Amino acid sequence: MNEEIIIAGFGGQGVLSMGKILAYGGMMQQMEVSWMPSYGPEMRGGTANVTVILSDERISSPILNRFDTAIILNQQSMDKFESCVKPGGVLIYDPNGITREPQRKDINIYRVEAASEASKMVTSKTFNMIVLGAYLKIKPVISIENILQGLKDSLPARHHHLIPVNEDAIKRGMEIVTTVETHGYASPS
Amino acid sequence: MADKKLMKGNEAFAEAAIRAGCDAYFGYPITPQSEVMEYLAAQQPHLRTGMVLLQAESEVAAINMVYGAAGTGKKVMTSSSSPGISLKQEGISYLAGSQLPCLILNVMRGGPGLGTIQPSQSDYFQATKGGGHGDYRMIVLAPASVQEMADFVKLGFELAFKYRNPVMMLSDGIIGQMMEKVEMFEQMPRATEFDQRWVTTGKTPDRERNVITSLDLDPARHERHNQKLQAKYQLMRENEVRFETIACDDAEYLFVAYGSSARICQKSVKLAREKGIKAGLLRPITLFPFPYDEIDRLTKQLKGILTVELSAGQMIEDVKLATEGRVKVALHNRMGGMVPSPEEVLDALITHFSI
Amino acid sequence: MYMEAYNKILEEIIREENLVYKKTALMTDKPLSYCPGCGHGVAHRVIMEVIDEMGIQAETIGVAPVGCSVLAYEFMNIDMQQASHGRAPAVATGIKRCWPEKYVFTYQGDGDLAAIGTAETIHACNRGENIAIFFINNGIYGMTGGQMAPTTLPGMRSSTTPYGRDVALMGNPLKMTELVAMLPGTYFVARHSVHTPLAVRKFKKAARMAFENQKLKKGVSFIEVVSNCNSGWKMTPNDANKWMEANMFPFFPPGDIKINGEMVAKAEKSE
Ligand SMILES: Cc1ncc(C[n+]2csc(CCOP(=O)(O)OP(=O)(O)O)c2C)c(N)n1
Ligand code: SF4
Ligand SMILES: [Mg+2]
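The listed protein sequences correspond, in order, to chains D, Z and R.
So the first sequence is residues 1 to 189, counted in this note's numbering.
So the second sequence is residues 190 to 544, counted in this note's numbering.
So the third sequence is residues 545 to 815, counted in this note's numbering.
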């Protein structure tokens with residue numbers, strides 16, 4: 001197993017922490033993991049992205065420009081990363097704030113209306129967990145138990161009461177993710 | 190057993206410092222390595238092991254605090270990134286001239302000047318050929334993973350005390366900022382066990398005065414001092430060369446790269462092999478001393494070498510010295526904070542050697 | 545129909561004589577890179593307005609620091625030089641000594657001016673360089689992500705003092721402005737803020753004096769602006785301003801400290 005993921009959106013959307021939870025979850029599952037963020041003051045309200053690699057083998061480059069999965073949460077990131085998905089790969093996006101829908105015909109595209117769903121939940125901070133749920137539905141590379149364990153490890157103890165809320169959000173994301181027709185490309189193996 | 194953690198390279202370095210029994214850290218914030226001091230501050234090392242942590246008013250002050258502390262025989266360290274490391278050069282020259290052990294981390298970013306905060310490897314010359322004034326050398330360790338950001342702290346201190354010399358860890362924004370799994374070594378005692386006869390602790394009647402200095406106004410004596418230093422550097426060359434080879438046994442083409450570039454090349458090797466190109470990777474782990482002999486040995490089987498660097502091409506000069514013109518050495522580089530992709534590196538290999 | 549009427553109303557409103565405020569041409573159109581609510585933008589604008597109103601754009605050279613305002617040269621529509629961290633007063637000295645008739649100023653944060661640049665600050669002030677120094681004190685290193693600054697208050701949290709600044713371990717906050725006021729080379733020393741319209745007006749008056757003083761060749765004009773860093777302090781902009789008044793002002797009280805080379809008496813200062 002070797003899964004190369006880019007998660008991209010605005011700073012403040014929880015992009016980096018979503019990647020962190022995936023990496024923690026992968027570690028719980030005895031995988032090799034790497035997490036490489038964009039860093040610096042550009043994170044102040046600007047774009048943020050993180051490359052996460054989950055693998056059974058020693059990880060080579062932590063920086064990539066071709067991905068198995070792209071999770072895209074704003075238009076700038078769509079413009080930048082749509083073309084970086086490997087043929088046959090997966091693109092998951094939230095249509096909120098997207099002005100140009102993805103065009104690729106050779107990849108599998110999924111929509112998750114996470115922002116609008118999050119606004120209905122107890123706290124809209126669960127946005128990134130809804131997206132994470134959508135991803136885990138499409139690519140069940142890490143078990144929910146391990147993700148929750150990862151969540152526990154990455155959150156300071158004073159926030160542990162929020163874990164059930166996040167679990168609900170992950171499950172909600174799994175329910176609401178939908179396939180976008182891309183002219184008959186088969187679902188990923 | 191040792192526990193496994195998911196950590197940033199900078200954090201792993203800081204945790205390893207506490208566990209290696211480091212006595213004192215002096216630093217000044219700068220991106221992309223500020224997590225080192227932030228992690229230490231959160232850990233309250235003065236409560237955990239008694240380690241001193243001080244945010245200095247500048248890098249110049251920090252390196253001179255290191256100078257003073259090193260002269261007391263303690264395990265001391267500092268960290269910074271390129272512009273701050275430039276400011277430390279005077280102090281490093283004094284540390285080397287006075288034969289003081291210490292560990293210095295450079296999480297390189299793009300220059301020259303204020304440059305960029307993005308990753309770079311453009312301080313290779315500064316680290317391996319001098320940087321400060323005078324004929325001195327430091328052992329330079331190039332970590333390529335978060336694990337090595339931790340392990341090289343321990344190794345670095347060992348080497349620093351073995352040779353009574355500054356040791357530099359030359360890292361970059363990628364290795365410093367990324368998170369990977371890391372297996373931390375057990376907490377070591379803070380007490381430093383080594384020959385303490387030279388340190389300044391206060392003169393007792395049973396010994397001569399100890400003076401830490403790099404000055405000698407008598408040129409003949411100062412030449413002897415320089416010869417002694419050079420003999421020490423020669424010992425480092427003979428005993429401390431470290432490198433890693435990947436898929437080199439049958440390699441016809443060789444990537445030479447260190448740190449984050451080596452990680453990228455590791456993937457390029459895989460992509461090359463998938464295409465049937467017999468590529469291998471030599472990753473220098475010590476940049477000083479440089480693995481000239483291993484490159485020399487491999488040269489006999491090679492059709493070409495591609496040096497991959499996040500700089501205008503600095504390490505390539507050492508690679509060329511090793512090959513002495515017997516095989517074509519080409520460069521693929523990115524600068525100013527840009528990073529090549531593994532595919533880009535492979536394309537460069539194919540183009541340069543018309544494979 | 546509707547659009548026509550709408551445009552007509554607009555035409556009537558948008559007239560030179562109805563103008564109540566206009567952005568000075570000495571600020572470029574580049575969007576500021578500062579966090580919403582940060583004091584840096586206001587301080588920039590005030591200084592540029594003064595240069596504009598005095599008509600000295602062609603005779604002014606600014607020096608940008610290393611800090612959040614490192615890109616000041618992108619926003620200030622004047623000739624500028626970018627200095628290395630802390631060295632702005634030395635760079636300004638170099639400029640002023642070669643162009644003694646020009647107006648020269650530095651714009652520096654508290655880390656830049658009062659930590660790494662302490663020596664340059666003290667010596668430029670002590671030599672009495674005929675320059676203006678604007679010192680934006682937000683009690684923290686904004687740019688690098690909120691580490692302790694020399695001006696961080698006792699007990700105040702930052703990323704390198706996560707349990708609050710412990711004076712016994714990390715030393716005391718530094719009152720640089722009071723310090724330079726004691727030097728014979730300073731001619732005008734004051735502390736201001738830019739978080740209310742009144743405060744902005746007072747700062748603007750002082751800033752104008754700092755430029756006018758340069759003609760007198762009587763030494764440094766040094767103005768501290770106590771400001772917020774809502775990102776670094778992890779507060780909303782509003783809360784940050786309230787926190788600043790409640791906590792920063794008692795330690796760094798606004799007011800004149802030295803005017804025309806004379807220390808201002810304590811009683812007067814409380815004004
Ligand atoms: C030699 C050197 N050391 C460190 C840095 C990193 N650095 C950039 S800005 C800064 C501090 C800025 O703080 P301050 O002057 O208070 O300005 P603010 O961002 O708060 O306005 C530091 C330490 C650098 N650029 N150069
Ligand atoms: S980090 Fe602080 S000083 Fe910098 S722009 Fe934001 S609020 Fe202003
Ligand atoms: Mg500041």
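Each residue gets a CB set at the ideal place from its N, CA and C atoms; glycine is no exception.
Since the structure is predicted, the reported quantities are computational estimates derived from the model, not experimental observations.
{"Item": "Residue nearest to G14 of chain D in terms of C-alpha spacing, selected from D:T69, D:F127, D:P164 and D:N2", "Value": "D:F127"}
{"Item": "Closer than 8 Å at the beta carbon, the chain D residues around K370 of chain Z", "Value": "M27, E32 and V33"}
{"Item": "Ligand 2 heavy atom lying under 7 Å from the CB of S775 of chain R", "Value": "yes"}
{"Item": "Interface flag, Y93 of chain D vs chain Z, CB-CB below 8 Å", "Value": "no"}
{"Item": "Contact set between P728 of chain R and chain Z, taken where Cβ atoms lie within less than 7 Å", "Value": "Residues of chain Z passing the Cβ test: none, with the nearest at roughly 24 Å."}
{"Item": "V241 of chain Z - DSSP class collapsed to helix/strand/coil", "Value": "strand"}
{"Item": "Which of helix, strand or coil DSSP assigns to W35 of chain D", "Value": "strand"}
{"Item": "Exposure label - V400 of chain Z; buried when at least 16 CB within 10 Å", "Value": "exposed"}
{"Item": "Straight-line gap, E756 of chain R to Y685 of chain R (C-alpha atoms, nearest Å)", "Value": "31 Å"}
{"Item": "G686 of chain R Cβ short of 7 Å to ligand 2 heavy atom set", "Value": "yes"}
{"Item": "Assigned secondary structure, C612 of chain R (DSSP; H/G/I helix, E/B strand, else coil)", "Value": "helix"}
{"Item": "Beta-carbon proximity list for Y24 of chain D, same chain, < 6 Å, skipping 5 on both sides", "Value": "G150, D153 and S154"}
{"Item": "Proximity below 8 Å, CB of T261 of chain Z to CB of Y214 of chain Z", "Value": "no"}
{"Item": "Cα-Cα separation between M620 of chain R and G502 of chain Z, rounded to whole angstroms", "Value": "37 Å"}
{"Item": "is_contact[T267 of chain Z, chain R] using C-beta, thresh 8 Å", "Value": "no"}
{"Item": "Cut-off 6 Å between Cβ atoms - residues of its own chain near A809 of chain R, not counting five sequence neighbours on either side", "Value": "none"}
{"Item": "Contact check, K356 of chain Z vs G345 of chain Z, beta carbons under 8 Å", "Value": "Residue identity check: residue 356 of chain Z is Val in the sequence provided, not Lys. Yes; because the gap between Cβ atoms is below 8 Å, this pair is in contact."}
{"Item": "Cβ-Cβ separation, G683 of chain R to A693 of chain R (assumed contact under 8 Å), whole Å", "Value": "6 Å"}
{"Item": "Segments of 3+ residues assigned as beta strand (DSSP E) that fall wholly inside the region 342-396 of chain Z", "Value": "355-361 and 368-372"}
{"Item": "Minimum C-alpha distance to A250 of chain Z - residue among Z:P234, Z:I274 and Z:L229", "Value": "Z:I274"}
{"Item": "Enclosing alpha helix (DSSP H) for S737 of chain R [first to last residue]", "Value": "S737 of chain R -> not in any alpha helix (DSSP H); beta strand (DSSP E) instead, spanning T730 to S737."}
{"Item": "Below-8 Å beta-carbon distance, G88 of chain D vs any chain Z residue", "Value": "no"}
{"Item": "Within 7 Å of chain D by C-beta, residues of the region 195-222 of chain Z in sequence order", "Value": "L195, T220 and P221"}
{"Item": "Within 8 Å of chain D by C-beta, residues of the region 507-532 of chain Z in sequence order", "Value": "V528, S530, P531 and E532"}
{"Item": "From Z:Q490, Z:V296 and Z:V371, residue whose alpha carbon lies closest to that of L195 of chain Z", "Value": "Z:V371"}
{"Item": "Buried or exposed (CB count within 10 angstroms, at least 16 for buried), M726 of chain R", "Value": "exposed"}
{"Item": "CA-to-CA distance, I63 of chain D to M368 of chain Z, given in whole angstroms", "Value": "12 Å"}
{"Item": "Cβ-Cβ distance between R549 of chain Z and S271 of chain Z below 8 Å", "Value": "This structure cannot speak to residue 549 of chain Z, because chain Z is shown only from 190 to 544."}
{"Item": "Inter-residue CB distance, I147 of chain D and I176 of chain D (contact presumed, cutoff 8 Å)", "Value": "At roughly 18 Å, the Cβ-Cβ gap does not stay under 8 Å, so I147 of chain D and I176 of chain D are not in contact."}
{"Item": "The region 230-248 of chain Z touching the region 283-294 of chain Z, judged by at least three CB pairs closer than 8 Å", "Value": "no"}
{"Item": "Interface residues of chain R facing L546 of chain Z [CB-CB closer than 9 Å]", "Value": "Residue 546 of chain Z cannot be examined here, being either before or after the span of chain Z that is shown, 190 to 544."}
{"Item": "Any chain Z beta carbon closer than 8 Å to M23 of chain D", "Value": "Reading off the sequence shown, one finds Ala at residue 23 of chain D, where the question assumed Met. So, interface residue."}
{"Item": "Under 8 Å by beta carbon: chain R residues contacting A551 of chain Z", "Value": "Chain Z is shown only over 190 to 544; residue 551 of chain Z falls outside these bounds and no answer can be derived."}
{"Item": "Option nearest S34 of chain D by Cα separation, candidates D:A70, D:E101 and D:R58", "Value": "D:R58"}
{"Item": "Members of the region 151-181 of chain D that neighbour chain Z once the beta carbon cut-off is set at 9 Å", "Value": "D153 and S154"}
{"Item": "For M190 of chain Z, the three-state DSSP class (helix, strand or coil)", "Value": "For M190 of chain Z, the predicted model reports a pLDDT of 41, less than 50, meaning its position is unreliable and no value from the coordinates is stated."}
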